[in-house]
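Notes for the one structure printed next.
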Amino acid sequence: MTSSNSIWTVGADPQIEQLIRQEKERQMTSLQLIASENFASPAVMEATGSVFTNKYSEGYPRRRYYGGNAHVDVAEQLAIDRVKQLFGAEHANVQPHSGSQANAAVYMALLDVGDTVMGMSLDHGGHLTHGSPVNASGRFYNFVSYGLTEGDERIDYEEMRSIALAERPKLIVAGATAYPRRIDPEPFRKVCDEIGAYFMFDAAHIAGLIAGGQHPNPVPSADVVTFTTHKTLRGPRGGCILSTESLAKKIDSAVFPGNQGGPLDHVVLAKAVGFREALDPGFADYAKRIVDNASALADALANQGFRLVSGGTDNHLLLVDLRSFDDDLTGKEAQEVLDLGGVTLNRNTIPDDPRSPFVTSGVRMGVASVTTQGMSSKEMGQIAEFTARILRQRDDDSAVKAIATEVADLCAKFPPYSD
Ligand code: DSN
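Numbering (our numbering), first residue to last: 319 to 737.
Have a look at this one:
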């Protein structure tokens, strides 16, 4: 077969062509408020869709198990050099396929099965890979957790210290998947020094805010920093690990051959593109606009009668407690009807949620995508208003559909891509 063979084009597969068209239409005509999403640049997508997808390259630059890696080696080294420069790290591994794979590799590198690890409680905002019993982390390691204060719903650093002193974990994990406040690395570093533990910071959500100077950089204090490259950092889907030079060998061996086979070379290439974009001075402005927009959205939602967990946000996401707005409304119902109205987000437990994680009493909203589109505080007010109107009129299908049209009109003014 040659590339002129007609079956090699997407157009020859109408079902797939239609799916791409429909998904593009969905993304262009509705509000993307899922806190772990963003619009990658055309350059990132071009690299992801390039011929690098055809290559196999188990190993690391200049130490491969396959031939033909002259250009792959340069690409991976570029990604490594750029991300080290971006965060001031001693060592980088750019091969993890995802954040979960990155975390699994760190656990394998630093722990033995059965070791005690401490992470943020999942129902207070921690991630699945921070010890959920249904995740490998919770199956293989003995996770204990710290959480939020009852009063201001911020990380309880005192409690974190007392649990650490009592449980003596070998590793402490900072970082979260649904926590709207700044995370200070220093208290974690101090406790780790006190008990002789490793310190890992999972910066998946806030990597772009760190790169853009809006949140403290954990690299100088942590032994290991993991993150995903596609959320606020706005690169391709994937993971990354930064570490001290002294842990480099352990980390690299745990990624390959410990947890993965061949890297996704097209994604590694696209990571290099994304890191360069984040090194651009304009990225700091983007990170600032994200934080400003999240704060504006928090104020606007509060004005509509929603309670914000912790009273607001310092980062790109908000956790909305729906009970103050309408005690009968669940996160599940809200997510479903908001989707019909063109406001796409995910249901989320709120701290100590009386409802199950499948139903929940809250929703999570993130503003990285709408900020990439160029929206600002005025549009955050409109988003809050759309959200409240859809939820108030959730039993009226035609009203919800009419709001979806208004949402599409707003999105049309802020196309993320020029074509
Ligand atoms: N847990 C997913 C999220 O935050 O949406 C990503 O890991």
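Quick reminder that beta carbons are idealized off the backbone N, C-alpha and C, glycines included.
Any heavy atom of ligand 1 within less than 5 Å of a residue's beta carbon puts that residue on the list, which reads S354 and T495. Look at L351 here: in three-state DSSP terms it is coil, with no helix or strand label.
Beta-bridge pairing by DSSP links I721 to no other residue. Within the same chain, Cβ atoms closer than 6 Å to the Cβ of V435 are found at Y459, F461, P487 and L489, the five residues on either side in sequence being excluded.
For P575, the closest alpha carbon among the candidates G377, K342 and E343 is that of G377.
Under the three-pair Cβ rule at 8 Å, the segment 609-617 counts as touching the segment 629-644. Under the 8 Å Cβ criterion, the segment 537-544 counts as touching the segment 404-413, having at least three qualifying pairs.
The Cβ-Cβ distance between F593 and R400 falls below 7 Å.
Under a 10 Å Cβ-count criterion, F676 is classified as exposed, with fewer than 16 other Cβ atoms of the shown protein chains found around its own Cβ.
Close CB contacts of A686 within its chain, under the 8 Å cut and outside five residues either way in sequence, are with A353, E355, N356, G526, K549, T550, R552, I608 and H634 (chain order). For the 7 Å CB-CB criterion, N411 and V573 form a contact. Listed as beta-bridge partners of S561 by DSSP are H409 and V542.
Fewer than three Cβ pairs drawn from the segment 614-623 and the segment 428-442 lie within less than 8 Å of each other, which leaves the two stretches out of contact. When rounded, the separation of the alpha-carbon atoms in A423 and S571 is 9 Å.
Within the same chain, E376 come within 8 Å of G579 by CB-CB distance, once the 5 residues on both sides are set aside. Taking 7 Å as the cut-off, the beta carbon of A496 is found closer than this to the beta carbon of R682.
If you compare the alpha carbons of A492, E468 and G469 with that of R479, the shortest gap goes to A492. Taking A393 as the centre and dropping the five residues before and after it, the same chain places the C-beta of F370, D583, V586, L587 and A590 closer than 8 Å to its C-beta, in chain order.
Counting only runs of 3 or more residues that sit fully inside the segment 619-644, the beta strand (DSSP E) segments are 635-639, in chain order.
The three-state secondary structure of D520, taken from DSSP, is strand.
It is roughly 35 Å from the alpha-carbon of D541 to the alpha-carbon of L615. When the alpha-carbon of S613 is set against those of S674, M698 and R673, the nearest one is in M698.
Check the Cα spacing between G456 and each of Y425, F545, K731 and D737: the tightest is with Y425. For V585, the uninterrupted alpha helix (DSSP H) segment begins and ends at D583 to L597. Contact between the segment 721-728 and the segment 652-662 is present: 3 or more CB-CB pairs across the two stretches fall below 8 Å. For Y425, the enclosing alpha helix (DSSP H) starts and ends at G417 to L428.
Of the candidates R641, G684 and D657, R641 places its Cα closest to the Cα of P672.
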